[in-house]
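In terms of numbering that gives the first Met the number 0, the sequence shown has 155 at position 156, counting the first letter as 1, and numbering is strictly consecutive. Each remark here refers to the structure printed beneath this line.
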Amino acid sequence: MPLSTAHVATDRPARYVKQLISHMGHKATAELTGAGRGSITFRDGTCALASGRDELVLVAAAADLDSLAGVQDVVTRHLVRFATQEEVRVEWSAPADGEALEIVPPAVQDYLLAHCTPADQVLTELAVATREETGRSAGMQVSPDEGALLEMLVRLAGARRAIEVGVFTGYSALCIARALPADGYLLACDVSTEWTGIGRPFWERAGVQDRIDLRIGPALDTLRALPEEPAFDFAFVDADKVNYPAYYEEIVPRLVPGGLLVLDNVFLGGTVLDPAVQEQDQLAMRRVNDALARDDRMDCVMLPVRDGVTLARKR
Ligand SMILES: C[S@@+](CC[C@H](N)C(=O)[O-])C[C@H]1O[C@@H](n2cnc3c(N)ncnc32)[C@H](O)[C@@H]1O
């Protein structure tokens, strides 16, 4: 599924978004999604619109190159028509394949890995044990740079009480737990005793086992059983994607003001941007990404780290 972007320099981006949505609403499904943004769904393609400081950002996607050209053409023609006060230049990027989207080029990935604090002995050995004992599933583990990011975020947030949804063999749990103070608390949710069992000895070696309260069972049940009051300052979600919207709804009320929610895999390998992919995981991830961007309880920023990481801070 090809997709293409255009950055249109203008000092009235929000106005164009409104005009395009209102006009296209007669021919396609078009809606304003808040904060100067909108989306248009045509028969065989889509266009997402966002207002930047001095630009209108367009992301077009379609089933094939011809349809993509059609989406680009209709959006460009209308935009040019609405721009009566200025001359707008709409230059679309060369089509990229949404499913094979290279979020971070490998050379950049290597360079940044070589320049972030390396994983220590315990984490390195946990990664090796995970590869040996879980085979291909080991790909689910967070990378050393993402682990370092989590650890830094927990420290920067000064978090004392944290939640993790999706433990696997405990790499991210270890990064979070050791960034908490000695009397800190991590509620760690997973359904697998087998996978989490691999992590336990490493938590002990790192001296953080007392901070980790591992709950085996569907994470939604664990979260819903918590009092609905703001008692946590940090949460990391990295489990079954289809439940992300529900995890988000359960976690936000339980975060203190200033608390941080971190969501992993928000790009799903680029497929989230690809309207041809209508699987449950992608639908759920789009729903939570859209909901967060317009949630007036939260400030959020989406980072192109690995498979996409969203940081959302409760107001
Ligand atoms: C991507 S892995 C987590 C990786 C982990 N953060 C790490 O650093 O190694 C996803 C985990 O979510 C767990 N999981 C899947 N569905 C779940 C559910 N409904 N409730 C709780 N955990 C679930 C899986 O058992 C798996 O261990």
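C-beta atoms are modelled at their ideal positions from N, C-alpha and C, and glycine is treated no differently.
- request: Indicate the three-state DSSP secondary structure (helix, strand or coil) for Lys26 in the structure shown.
  value: Here residue 26 refers to the residue found at position 27 when the sequence shown is read from its first residue. In the three-state DSSP reduction, Lys26 falls in the coil class, being neither helix nor strand.
- request: Say yes only if the C-beta of Tyr170 is nearer than 7 Å to one or more non-hydrogen atoms of ligand 1, and no if none qualify.
  value: Walking along the sequence shown from the start, residue 170 turns up at place 171. Relative to ligand 1, Tyr170 has its C-beta within less than 7 Å of a heavy atom.
- prompt: Going along the chain, which residues of its own chain have a beta-carbon closer than 6 Å to the beta-carbon of Ile215, five neighbours each way excluded?
  reply: If you number the sequence shown from 1, residue 215 lands on position 216. The beta carbon of Ile215 sits closer than 6 Å to those of Thr192, all from its chain and outside the five residues before and after it, given in chain order.
query: Can you find a C-beta in chain B that's less than 8 Å from the C-beta of His22?
result: In the displayed structure, chain B is absent; only one protein chain is listed.
query: So what does DSSP say about Met0, is it helix, strand or coil?
result: Numbered from its first residue, the sequence shown carries residue 0 at position 1. Looking at Met0 - three-state DSSP - the assignment turns out to be coil, as it is neither helix nor strand.
- request: Check whether the Cβ of Val141 lies closer than 7 Å to any heavy atom of ligand 1, and answer yes or no.
  value: If you number the sequence shown from 1, residue 141 lands on position 142. Taken from the Cβ of Val141, at least one heavy atom of ligand 1 lies inside 7 Å.
- prompt: CB Ala234 to CB Leu213, shorter than 8 Å?
  reply: On the sequence shown, residue 234 is found 235 positions in, with the first residue counted as 1. On the sequence shown, residue 213 is found 214 positions in, with the first residue counted as 1. Contact: no.
message: Measuring only the C-alpha atoms, how far is Arg135 from Gly51?
response: Here residue 135 corresponds to residue number 136 of the sequence shown, with the count starting at 1. Here residue 51 corresponds to residue number 52 of the sequence shown, with the count starting at 1. The alpha-carbon atoms of Arg135 and Gly51 are separated by roughly 41 Å.
message: Relative to the C-alpha of Val276, which candidate in Arg253, Ala62, Leu111 and Gly138 has its C-alpha closest?
response: On the sequence shown, residue 276 is found 277 positions in, with the first residue counted as 1. Comparing Cα positions, the closest option is Ala62.
- prompt: Taking 7 Å as the line, does the beta carbon of Phe233 fall inside it for any heavy atom of ligand 1?
  reply: Sequence index remark: in the sequence shown, residue 233 carries index 234 (1-based). False, no ligand heavy atom lies under 7 Å from that Cβ.
- request: Write down every uninterrupted run of the alpha helix (DSSP H) in the stretch 98-151 whose length is 4 residues or greater and which is fully enclosed by it, in chain order.
  value: Within the stretch 98-151, the complete alpha helix (DSSP H) segments of 4 residues or longer fall at 105-113 and 120-133, listed in chain order.
message: Tell me the residue span of the beta strand (DSSP E) that contains Pro256.
response: Here residue 256 refers to the residue found at position 257 of the sequence shown. Pro256 -> beta strand (DSSP E) spans Leu254 to Asp263.
task: State yes or no: is the C-beta of Ala238 nearer than 7 Å to some heavy atom of ligand 1?
output: Position 239 of the sequence shown, counting from 1, holds the residue named residue 238. Result yes, Cβ under 7 Å from ligand 1.
query: Got a sec, what are the start and stop residues for the alpha helix (DSSP H) Ser66 sits in?
result: Within the sequence shown, the letter at position 67 stands for residue 66. For Ser66, the enclosing alpha helix (DSSP H) covers residues Leu64 to Phe81.
message: Give me the residue from Asp72, Thr45 and Gly69 with the minimum Cα distance to Ala60.
response: For this step, residue 60 is matched to residue 61 along the sequence shown. With distances taken between Cα atoms, Ala60 lies closest to Thr45.
query: For Phe167, is the beta carbon positioned less than 7 Å from some heavy atom of ligand 1?
result: For the purposes of this step, residue 167 is identified with residue 168 of the sequence shown, where counting begins at 1. Yes; taking the cut-off as 7 Å, the Cβ of Phe167 has a heavy atom of ligand 1 nearer than that.
Segments assigned alpha helix (DSSP H), at least 4 residues, entirely inside the stretch 144-226: As far as the stretch 144-226 is concerned, its whole alpha helix (DSSP H) runs of at least 4 residues are 170-178, 192-204 and 218-223.
- prompt: Under the criterion of a Cβ to heavy atom distance below 7 Å, does Trp202 qualify as lining ligand 1?
  reply: Translated into positions along the sequence shown, residue 202 becomes position 203. Because no heavy atom of ligand 1 lies under 7 Å away, the Cβ of Trp202 does not count as near it: no.
message: Shorter than 7 Å, the distance from the beta carbon of Ser191 to the closest heavy atom of ligand 1, or not?
response: Your numbering for residue 191 matches position 192 in the sequence shown. Yes, the Cβ of Ser191 comes within 7 Å of a heavy atom of ligand 1.
Residue environment, Asp209, which counts as buried when at least 16 other CB atoms sit within 10 Å: Position 210 of the sequence shown, counted from the start, is the residue given in the question as residue 209. With a 10 Å radius around the Cβ and a threshold of 16 neighbouring Cβ atoms, Asp209 comes out exposed.
- request: Evaluate Gln281 with the Cβ neighbour count: other Cβ atoms within 10 Å of its Cβ, from every protein chain shown; 16 or more gives buried, anything less gives exposed.
  value: Taking the sequence shown and counting its residues from 1, the one referred to as residue 281 is at position 282. With 16 or more other Cβ atoms within 10 Å, it is buried.
task: Grab me the residues of Arg314's own chain with a C-beta within less than 8 Å of its C-beta, minus the 5 sequence neighbours each way, in chain order.
output: Indexing the sequence shown from 1 puts residue 314 at position 315. Only Pro256, Asp295, Arg296, Met297 and Asp298 meet the Cβ criterion.
query: Among the residues of its own chain, which have a CB less than 7 Å from the CB of Glu30, if the five just before and after it don't count?
result: The sequence position of residue 30 within the sequence shown is 31, counting from 1. Cβ neighbours of Glu30 within its own chain (closer than 7 Å, five residues either side excluded): Ile20, Gly37 and Ser38.
message: If the criterion is Cβ atoms closer than 8 Å, does the pair Val211 and Ala172 meet it?
response: Counted from its first residue, the sequence shown places residue 211 at position 212. Counted from its first residue, the sequence shown places residue 172 at position 173. This sequence places Ile at residue 211; Val is not what is there. Yes, these two residues count as a Cβ contact at 8 Å.
Neighbourhood of Val56 by C-beta, 6 Å cutoff - its chain only, sequence neighbours within 5 removed: By 1-based counting over the sequence shown, the position of residue 56 is 57. Answer for Val56: His6 and Ala49, listed in chain order.
message: Once the 5 residues before and after Glu90 are set aside, which same chain residues still bring their CB inside 7 Å of it?
response: Locating residue 90 in the sequence shown gives position 91, counting from the first residue. Closer than 7 Å at Cβ, skipping near neighbours: Ala5.
field: CB-CB length for Pro229 against Arg286, believed under 8 Å
entry: The sequence position of residue 229 within the sequence shown is 230, counting from 1. The sequence position of residue 286 within the sequence shown is 287, counting from 1. Rounded to the nearest angstrom, the Cβ distance from Pro229 to Arg286 is 24 Å, too far for a contact under 8 Å.
field: Distance between Tyr247 and Met301 (C-alpha atoms, nearest Å)
entry: Counting from one through the sequence shown, the residue named residue 301 turns up at place 302. Counting from one through the sequence shown, the residue named residue 247 turns up at place 248. Going by C-alpha positions, Met301 is about 15 Å away from Tyr247.
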